[in-house]
Amino acid sequence: MNELEKPASQALLARRQAAMPRGVPLISNFTVDSAHGSTIRTLEGVDVLDFASGIGVTGTGHTHPEVVEAITTQARRLLHACIHVATYEPYVALCERLVQLLPHGGPTKAMLLNSGAEAVENAIKIARQATGRPSVICFEGAFHGRTLLGMSLTSKVRYKSGCGPLAPEIYRVPFADYFHGGDGLSEEAFVARELHRLDEAFSVVVAAEQVAAIIVEPVLGEGGIIPAPPAWLRGLRKRCDQHGILLIFDEVQTGFCRTGDYGAFQVLGVTPDLSTWAKAMASGLPISAVVGRADVMDAAQLGTIGGTFGGNPVAAAAALATLTIMEREQLGARAVEVGAIIRSRLEPTAEKLAGHAQVRGLGAMIGIELYGETVHDPDGAAVADVLRACHERGLLVIGAGVHGSVIRILTPLTIATSELERGLGILTDELMRRAG
Ligand code: PLP
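All you need for the working numbering is the position in the sequence shown, starting with 1, plus 297.
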């Protein structure tokens, strides 16, 4: 269907333009009337295959009947109480469940908030109080949200230009990006070099004894689907232990089965002191969490953490239902299968694009980067072309990367293999078409 044949969608897009500020991003021209499983239906009744999951949110698929049932049942019972005012069971039950599924190496506690950025804010506030130190180390390519502190921790300049002054006491150092910075070294030698650079940073960037926390995404999401080498994460863990620094994993995008287990930290075998969670936690309702070592979590003074809506009963009920589905349907294991199917189609395509594409990822969090002569010559324009062509053929897929040069695949984990194959057929077609 060409654009002129979509009057309802066009009218809604025009209303959006008139009523909403330009700064709120928009990746596609699709409108959404309804969505079930891995399919989105536009206002014209056109079905679109969803390889984006609302940026990694609908891991259990859209409108999973058990999640919808849990939401409606809870909505009839209690919509809001505020956990600061009175205690309600879904909040406590969800914290119990998170602590059981995501143990942080000993007694563990959890608190609930509304968004990924808010979880990051609270994790940093807890870390500062627990250590009595002001500084935070974060990484190039990181994305931690759009609040003042989240944006200050975020790397990409476009996400914060004109928004300063940014939060102080934040120090950015290079992420161990073996894919762009490997320089022909073995992964072991590369990791040793990067850890040495971090040790140097304690002399030339910020004193270790001033640092409250190191915050890191186990796989850079927005930054271009770049998995951290496990040995580097182990090195971060060791340095945090040596210097009394808290290690925070931002699992907002990697969390809840996306990478093969509930958390990427479990896949990678490195346990943080604190972690942040959101996105896929409640299949689409807004809720997030900070999980952490009980002694660290309890260091926050009364009144310094929380919020009016954090852990809303309806969102908490949706999260509990989501976790039940993930457990029963073993979506962590399914993520590994989904990732293997995606790689089995994309890797041969990347090979045919000889030297101009690279496939990366962990579990079902997969990216393919397009570039010119070398990986240091990112081709964001080519990715924009491929995404547009996929959208025209009814496949919703999105980009990532500081230069927009990565096609990011975050399908629902419940996607049928036949749907996956169909979408991959469109994507590989469009990738090859560009190659001529
Ligand atoms: N942290 C990571 C790793 C993310 O990917 C995101 C969002 O993409 C955030 C934090 C911010 O989450 P939210 O948009 O829910 O505030």
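Beta carbons: idealized from backbone N, C-alpha and C, even for Gly.
In this text the structure is predicted, and so the values were computed from the model without any measurement.
A straight-line Cα-Cα distance of about 16 Å links residue 338 and residue 712.
About 6 Å separates the beta carbons of residue 578 and residue 553, which is inside the 8 Å limit, making them a contact pair. A straight-line Cα-Cα distance of about 23 Å links residue 647 and residue 709.
The C-alpha of residue 433 is placed about 8 Å away from the C-alpha of residue 421. Per DSSP, the unbroken beta strand (DSSP E) holding residue 470 starts and ends at 467-470.
Cβ-Cβ separation between residue 663 and residue 656: approximately 7 Å, consistent with a contact (criterion under 8 Å). Distances taken from the Cβ of residue 663 to the heavy atoms of the ligand PLP include none shorter than 7 Å. With fewer than 16 other Cβ atoms from the protein chains shown falling within 10 Å of its own Cβ, residue 729 counts as exposed. Ranked by Cα distance from residue 588, the first of 566, 544, 605 is 544. Shown here, residue 519 sits in coil according to DSSP, grouped into three states, outside any helix or strand. The beta carbons of residue 522 and residue 658 sit about 5 Å from each other, so the pair counts as a contact at 8 Å.
Note that the C-beta distance between residue 413 and residue 573 is below 8 Å.
In this structure, DSSP gives residue 666 an extended state, which the three-state scheme calls strand. The closest heavy atom of the ligand PLP lies 7 Å or more from the beta carbon of residue 604.
For the options 382, 328, 317, the alpha carbon positioned closest to that of residue 603 is the one of 382. Across the set 559, 469, 548, the C-alpha of 559 shows the shortest separation from the C-alpha of residue 394.
Annotated as distal: residue 430 and residue 498, with beta-carbon spacing of 8 Å or more. Runs of the alpha helix (DSSP H) lying entirely within the stretch 556-636, each at least 4 residues long, are 561-565, 591-594, 610-625 in chain order. The set of residues with any CB-heavy atom separation to the ligand PLP below 7 Å comprises, in chain order, 352, 412, 413, 414, 415, 417, 440, 441, 442, 443, 447, 514, 518, 519, 547, 549, 550, 573, 575, 576, 585. Linking residue 456 to residue 442 through their CA atoms gives a straight-line distance of about 9 Å. In this structure, residue 327 lies near residue 693, with their beta-carbon atoms less than 8 Å apart. Shown here for residue 370: same chain residues with a beta carbon closer than 8 Å to its own, the five before and five after excluded, namely 614 in chain order.
Linking residue 601 to residue 407 through their CA atoms gives a straight-line distance of about 15 Å. DSSP, read as helix, strand or coil, puts residue 443 in coil.
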